[in-house]
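Engineer: Following this message is one structure expressed as structure tokens.
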Amino acid sequence: MNSSINKYRRFCREDNDLPIFFKDWWLDAAAGEENWSVQLVERDGDIVACLPYVVKTKAFLKSMGMPDYTPFLGPWIRNNPNDSTDASIKTEQLQVEQLLESLPKFDKYYIRLSTEIRSARPFSNQEFDKTDCYTYVLDNIKDHERIYGGFKPANRSKIKQSEEKLEISESDDLPALFKICELSMKKNNLDIPFSYERLEKIYSAAKSENRIQILLAKDEGERIHAGALLVWDKKRAYYLMGGNDPELRKHGAGTVMIWEAIKYCSQHVDIFDFEGSMIEPIEKFFKSFGAVQQPYFLVTKTASRLIKTAQKVQNIIKG
Numbered sequence: 155m156n157s158s159i160n161k162y163r164r165f166c167r168e169d170n171d172l173p174i175f176f177k178d179w180w181l182d183a184a185a186g187e188e189n190w191s192v193q194l195v196e197r198d199g200d201i202v203a204c205l206p207y208v209v210k211t212k213a214f215l216k217s218m219g220m221p222d223y224t225p226f227l228g229p230w231i232r233n234n235p236n237d238s239t240d241a242s243i244k245t246e247q248l249q250v251e252q253l254l255e256s257l258p259k260f261d262k263y264y265i266r267l268s269t270e271i272r273s274a275r276p277f278s279n280q281e282f283d284k285t286d287c288y289t290y291v292l293d294n295i296k297d298h299e300r301i302y303g304g305f306k307p308a309n310r311s312k313i314k315q316s317e318e319k320l321e322i323s324e325s326d327d328l329p330a331l332f333k334i335c336e337l338s339m340k341k342n343n344l345d346i347p348f349s350y351e352r353l354e355k356i357y358s359a360a361k362s363e364n365r366i367q368i369l370l371a372k373d374e375g376e377r378i379h380a381g382a383l384l385v386w387d388k389k390r391a392y393y394l395m396g397g398n399d400p401e402l403r404k405h406g407a408g409t410v411m412i413w414e415a416i417k418y419c420s421q422h423v424d425i426f427d428f429e430g431s432m433i434e435p436i437e438k439f440f441k442s443f444g445a446v447q448q449p450y451f452l453v454t455k456t457a458s459r460l461i462k463t464a465q466k467v468q469n470i471i472k473g
């Protein structure tokens with residue numbers, strides 16, 4: 155194991171501000187211990203910036219990207235709370251530039267950045283492509299009355315009806331959660347892009363850290379109507395996975411599940427992140443809870459001529 159990873163593992167144990175998806179134990183579970191690496195910027199022996207990434211090699215082509223079931227990664231910068239906004243952004247840009255310059259050679263790079271990264275200029279300067287993306291966030295979730303008041307009236311009505319018929323409970327039934335998410339995805343003609351076995355490793359690791367919880371909505375007949383998988387770090391909670399049974403959707407379990415998930419997460423943090431979605435109905439659903447849109451960047455770069463040529467041919471075929 156190289157010295158950077160050893161330093162980073164110590165850093166992960168000592169630093170509470172690091173997002174959950176940057177933690178070494180998360181990377182071990184989501185990618186495999188031998189499949190990720192990290193670049194560091196140090197000052198006086200202390201880590202002030204880091205850039206973890208997953209390494210994949212296929213047919214002699216090396217790609218750097220995201221672990222499974224991981225919403226974002228990329229650079230993380232330790233902010234100085236005494237800095238002005240301008241000074242903070244300047245520091246961020248300089249340290250991101252250092253991290254990018256230190257990357258080993260690659261053929262392809264693909265990373266969704268944290269919302270905490272405010273400037274994509276260092277990536278643009280090094281010929282990365284940038285796409286603007288969005289997630290949806292609720293702040294001050296400990297104020298349940300205010301949060302509930304921000305829901306659309308139709309949501310509040312569904313919640314009242316569902317609370318009479320369904321029970322939302324904490325669970326360790328990961329297979330049931332995975333199955334309900336599969337059913338929900340198939341309704342949109344999609345598949346869960348990652349394996350159950352990988353999710354099982356993540357769940358076990360996060361459970362050991364007390365950073366994950368499954369919620370299930372059941373009726374009197376023990377039928378599962380909806381499920382949610384929640385994770386959290388020091389600052390915010392994340393709606394990592396969720397779904398509902400399309401055959402039982404009329405009972406409104408998806409709506410009451412979100413409300414119960416928000417209340418549950420408010421025991422740990424004060425921010426609830428729905429995570430973004432490219433599926434328009436899901437995006438609309440998140441907005442209906444009063445969630446505020448927050449931007450983040452998707453950055454990519456193709457250095458391999460072979461991959462560039464293949465992509466051009468594919469685009470021509472698509473027309």
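Residue numbers for the sequence shown follow our numbering, beginning at 155 and rising by one. Quick reminder that beta carbons are idealized off the backbone N, C-alpha and C, glycines included.
1. In angstroms with no decimal places, state the Cα-to-Cα distance between Y418 and I159.
2. Start and end of the beta strand (DSSP E) containing K438?
3. Need the endpoints of the alpha helix (DSSP H) that H298 sits in, please.
4. Note down the Cα distance separating D424 from D387, rounded to an integer number of angstroms.
5. Just the C-alpha distance for W179 and E351, rounded to the nearest angstrom, thanks.
6. Is P449 helix, strand or coil by DSSP?
7. L181 to P225, Cα distance in whole Å?
8. I think L253 touches L215, with their Cβ atoms under 8 Å apart; what is that distance to the nearest whole Å?
9. Quick check on the burial criterion: 16 or more other C-beta atoms within 10 angstroms. Buried or exposed for G303?
10. Quick check on T224: does DSSP put it in helix, strand or coil?
11. Need the endpoints of the beta strand (DSSP E) that A203 sits in, please.
12. Leaving aside the five residues before and after V453 along the sequence, list all residues of the same chain whose C-beta is less than 6 Å from its C-beta, in chain order.
13. Alpha carbons only, please: which of E188, Q280, I322 is nearest the one belonging to E374?
14. Using alpha carbons as the reference points, say which of E246, D286, K177 lies closest to N234.
15. Hey, how far is the Cα of S157 from the Cα of R275?
16. Short check: CB of P395 to CB of A380, under 9 Å?
17. What do you get for S273, buried or exposed, if any count of 16 or more other CB atoms within 10 angstroms of its CB means buried?
18. Between the alpha carbons of V467 and Y288, how many angstroms are there, rounded?
Structural biologist: Checking against the coordinates, here is how it stands:
1. Between Y418 and I159, the C-alpha separation is close to 34 Å.
2. In this chain, K438 is not harboured by any beta strand (DSSP E); it is covered by the alpha helix (DSSP H) spanning 434-441.
3. Per DSSP, H298 is one residue of the alpha helix (DSSP H) stretching across 298-303.
4. Distance between the alpha carbons of D424 and D387: 11 Å.
5. W179 and E351: Cα-Cα distance of roughly 16 Å.
6. Here DSSP, grouped into helix, strand and coil, assigns P449 to strand.
7. Spanning the two alpha carbons is a distance of roughly 12 Å.
8. Between the beta-carbon of L253 and that of L215 there is about 22 Å, and that puts the pair past the 8 Å contact cut.
9. Exposed, by the Cβ-count rule.
10. In the three-state reduction of the DSSP assignment, T224 falls in the coil class, being assigned neither a helical nor a strand state.
11. Membership of A203 in the beta strand (DSSP E) is indicated by the continuous run 200-212.
12. Residues I265, F277, F282, K284 of the same chain have their beta carbon placed closer than 6 Å to that of V453, with the five preceding and five following residues left out of the count.
13. With distances taken between Cα atoms, E374 lies closest to I322.
14. Minimum Cα distance to N234 is reached at E246.
15. About 29 Å.
16. Per the sequence shown, residue 395 should be read as Met rather than Pro. Their beta carbons are not under 9 Å apart, which means M395 does not touch A380 by this criterion.
17. Counting the other Cβ atoms within 10 Å of the Cβ of S273 gives fewer than 16, which makes it exposed.
18. Below a pLDDT of 50, predicted positions are generally treated as unreliable, and V467, at 44, falls in that range; no measurement from the model is reported.
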